[in-house]
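So the structure is just underneath, and the comments pick up after that.
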Amino acid sequence: MRPSFFHHLHPPTIPAAQARWRYTLGAGGTAVFLMLVLGLTGILEAFYYSPNPQEAALSVQTITYLVPFGGLVRNLHYWSAQLLILVAGIHLLRVVFTAAYSRPRRFNYLLGLGLFILALLLDFTGYILRWDEGICYPLVTGTNLLKTIPLIGNFIYRIAIGGGEACTTALLRFYIWHIFGLTLLAVILSVWHAFRVRRDGGIAVPPPHLRTDTARISRNELVRREVLAILIVSILLILLASFFPAPIAPAMTGKPVMTENARAPWFFLWVQQMLKWGDPFAFGVLIPLILLAILALVPYIFPQPADSDIGRWFPKSNRVAQIVVIVITLTVIALTLLALVS
Amino acid sequence: MTQPSRRDFLKLLRDGFLWMSGALALGGLIRFLDFEPNPVPKTEFDLGPVEQFPLNSRTLFTDPPSIPIHTESGFSALSLVCTHLGCAVEQSADGFACPCHGSRFNVDGAVTHGPASKHLASLRIERTEENHLILHID
Chain A
1 MRPSFFHHLH PPTIPAAQAR WRYTLGAGGT AVFLMLVLGL TGILEAFYYS
51 PNPQEAALSV QTITYLVPFG GLVRNLHYWS AQLLILVAGI HLLRVVFTAA
101 YSRPRRFNYL LGLGLFILAL LLDFTGYILR WDEGICYPLV TGTNLLKTIP
151 LIGNFIYRIA IGGGEACTTA LLRFYIWHIF GLTLLAVILS VWHAFRVRRD
201 GGIAVPPPHL RTDTARISRN ELVRREVLAI LIVSILLILL ASFFPAPIAP
251 AMTGKPVMTE NARAPWFFLW VQQMLKWGDP FAFGVLIPLI LLAILALVPY
301 IFPQPADSDI GRWFPKSNRV AQIVVIVITL TVIALTLLAL VS
Chain B
1001 MTQPSRRDFL KLLRDGFLWM SGALALGGLI RFLDFEPNPV PKTEFDLGPV
1051 EQFPLNSRTL FTDPPSIPIH TESGFSALSL VCTHLGCAVE QSADGFACPC
1101 HGSRFNVDGA VTHGPASKHL ASLRIERTEE NHLILHID
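Chains as they are written, first to last, in the numbering used here: chain A, 1 to 342; chain B, 1001 to 1138.
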């Protein structure tokens, strides 16, 4: 059989042990699929969305309630975005816990981390685009955090939102960052990330003489598994989109409405929780950046995993990295839960 | 050390030019984006005629978030923008509370509970010849 274009995107064969679900969790491939769904549904939304402070929330309502299948498109976009953060997070944890980041994949690990940050920024800017009465406080606090950065804070603030008051002027910049600036970066980094997987020798495995299992699967089998994953994720997405609609609220009326408890979007609740403790720069900028720096340095500062341990779950030789990343993950989860109950 | 060949020198020159062009373009892009197209936000607000603010009154305004206060010593105003990260504080039983990160202030604007570390700002109020109150938020 002549391989199709889609088959050609895959290596002819890959090691069977590392192609198993229980090894990859299907996370990287699922992330690619979710990004495709996001691109497609995002383009469709752009046919109706208006990045104008007076019309934005109304155009979201038009998409949601009037356009045929508009609600479905918007809900799919919303749920793909939420799932992408989870799936990308799982992918990151899998790579750390299987020592897959070790040489020569250290640089690709950084590209992946960059993509994770972009997913967070895209989720936040997309959330702001609703421009309803709920988004003003998260927008004000998020952008005021930029201002707290010494020396360059005001400059970054101007680049990000174009200056002025966030809740009256930020929409156009956030729109362009969302649909063009950040998206372009994400597309470039994704293609580079995928290219580096191939360039670095495919999925992480021990060198040939250290492998206990030499079986390989063909790309036909690999594509079959991917299609299965796509089907499962599609069903999940359609179920979520059908039964749990994306949040929608009345348009912002100039000034934020009085709310009992102004909540950040779920993926930034942990930062909001820390901000309750004091200095905005320390808790809202410095500590998140330090955590990010530790994650970025995982392949560089911790003991290198043994060659025979690459591509195995929880090997002994990278225990330190596992513990550090588990501690960071549990801290973020604990802070999020704390913010939810308070 | 061996002398660099003509070819090495030309390569260095080419790379230097490429990097410099890139840096110039990036600098231009940053300057392009670093411009405030929006009109400067208003800093003066007409609150209305003086008669609306009887002696010993505290009137809540949401735009801009503030409380003009009329006492024996004249007019003053308290900003209701939280000094922590800029949310508008809300009136509570014993003063003001911020909905974003839980800072609390007493009726005079002094911090009673963090994370805010600065008092709510005092704003300047001016009385015009037509007996209107003008609030300055700069």
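Glycine residues also receive a C-beta, built at the ideal position from the N, C-alpha and C atoms. Computed from a predicted structure; not experimentally measured.
By Cβ distance, which residues of its chain are closer than 6 Å to residue i, with the 5 residues on each side in sequence left out?
| i | result |
| --- | --- |
| A/I100 | Reading off the sequence shown, one finds Ala at residue 100 of chain A, where the question assumed Ile. So the list reads A204, once near-sequence residues are dropped. |
| B/V1107 | G1095 |
| A/P354 | Given that chain A is displayed from residue 1 to residue 342, the structure contains no residue 354 of chain A and the question cannot be resolved. |
| A/Y49 | S59 |
| A/G71 | T64 |
| A/A186 | L118 |
Are residue i and residue j close, meaning C-beta to C-beta below 9 Å?
| i | j | result |
| --- | --- | --- |
| A/G284 | A/T141 | yes |
| B/E1036 | A/G162 | yes |
| A/I310 | A/S102 | yes |
| A/V95 | A/Y109 | yes |
| A/P299 | A/R74 | no |
| A/A81 | A/G134 | no |
| A/L199 | A/L111 | Sequence inspection shows Arg at residue 199 of chain A; the Leu mentioned does not correspond to that position. Taking 9 Å as the Cβ cut-off, A/R199 and A/L111 do not qualify as a contacting pair. |
| A/R219 | A/I14 | yes |
| B/C1082 | B/L1120 | yes |
| A/A262 | A/A57 | no |
| A/P51 | A/I235 | no |
| A/A17 | A/R211 | yes |
| A/L269 | A/A166 | no |
| B/R1077 | B/R1031 | Note on residue identity: the sequence assigns Ala, not Arg, to residue 1077 of chain B. No. Outside cutoff. |
| B/I1137 | B/T1043 | yes |
| A/G164 | B/P1039 | yes |
| A/F107 | A/F314 | no |
| A/Q272 | A/A264 | yes |
Take residue i and list the residues in its own chain whose beta-carbon comes closer than 7 Å to its own, dropping the five residues that flank it on each side.
| i | result |
| --- | --- |
| A/L145 | P280, G284 and V285 |
| A/F267 | I85, L120 and D123 |
| A/P53 | W131, T168 and L171 |
| B/P1099 | C1087 and E1090 |
| B/A1097 | V1089, E1090 and R1104 |
| A/L222 | H10, I14 and A19 |
| A/V320 | F302 and P303 |
| A/E55 | none |
| A/K147 | G153, N154 and Y157 |
| A/S350 | Examination of residue 350 of chain A is not possible in this model, given that chain A is present from 1 through 342 alone. |
| A/L83 | L34 |
| B/P1049 | N1131 and H1132 |
| A/I217 | T13, I14, A16 and A19 |
| B/D1046 | H1132 and I1134 |
| A/G26 | A229 |
With 16 as the cutoff for other CB atoms within 10 Å, does residue i come out buried or exposed?
| i | result |
| --- | --- |
| B/S1079 | buried |
| A/V341 | exposed |
| B/A1025 | exposed |
| A/L275 | buried |
| B/G1028 | exposed |
| B/S1122 | exposed |
| A/W21 | exposed |
| B/N1131 | exposed |
| A/F6 | exposed |
| B/Q1003 | exposed |
| A/I290 | exposed |
| A/I128 | buried |
| A/L239 | exposed |
| A/I301 | exposed |
| A/H173 | One detail in the question is off: residue 173 of chain A reads as Arg in this sequence, not His. By the 10 Å Cβ count, A/R173 comes out buried. |
| B/M1020 | exposed |
| B/T1128 | exposed |
| A/F33 | buried |
| B/E1072 | exposed |
| A/P150 | exposed |
| A/L36 | exposed |
| B/G1074 | exposed |
Cutting at 8 Å between CB atoms, please list the residues of its own chain near residue i, excluding the five before and the five after it.
| i | result |
| --- | --- |
| A/L292 | L113 and I117 |
Should residue i be listed as close to the ligand SAM, given that the test is whether its C-beta is under 8 Å from any heavy atom?
| i | result |
| --- | --- |
| A/E165 | Of the ligands one can find in the structure shown there are none, so the ligand SAM has no counterpart to examine. |
In chain order, which beta strand (DSSP E) runs of at least 3 residues are fully inside the segment 210-250 of chain A? 216-218
With contact counted as at least three CB pairs below 8 Å, one residue from each stretch, are the segment 228-238 of chain A and the segment 52-64 of chain A in contact? no
Should the segment 1110-1120 of chain B be called in touch with the segment 152-170 of chain A, which here means at least 3 C-beta pairs below 8 Å? no
Pick out the complete beta strand (DSSP E) segments inside the segment 1037-1107 of chain B, 3 residues or longer, and give them in chain order. 1044-1049, 1065-1071, 1074-1079, 1090-1092 and 1095-1097
Within 8 Å, do at least three Cβ pairs link the segment 191-200 of chain A to the segment 1054-1070 of chain B? no
Between the segment 243-255 of chain A and the segment 1044-1056 of chain B, are three or more C-beta pairs nearer than 8 Å? no
Runs of 3 residues minimum, wholly inside the segment 27-52 of chain A: which ones carry the beta strand (DSSP E) assignment? none
My parser needs the alpha helix (DSSP H) runs of 4 or more residues fully inside the segment 97-177 of chain A; what are they? 106-128, 136-147, 153-161, 166-169 and 171-176
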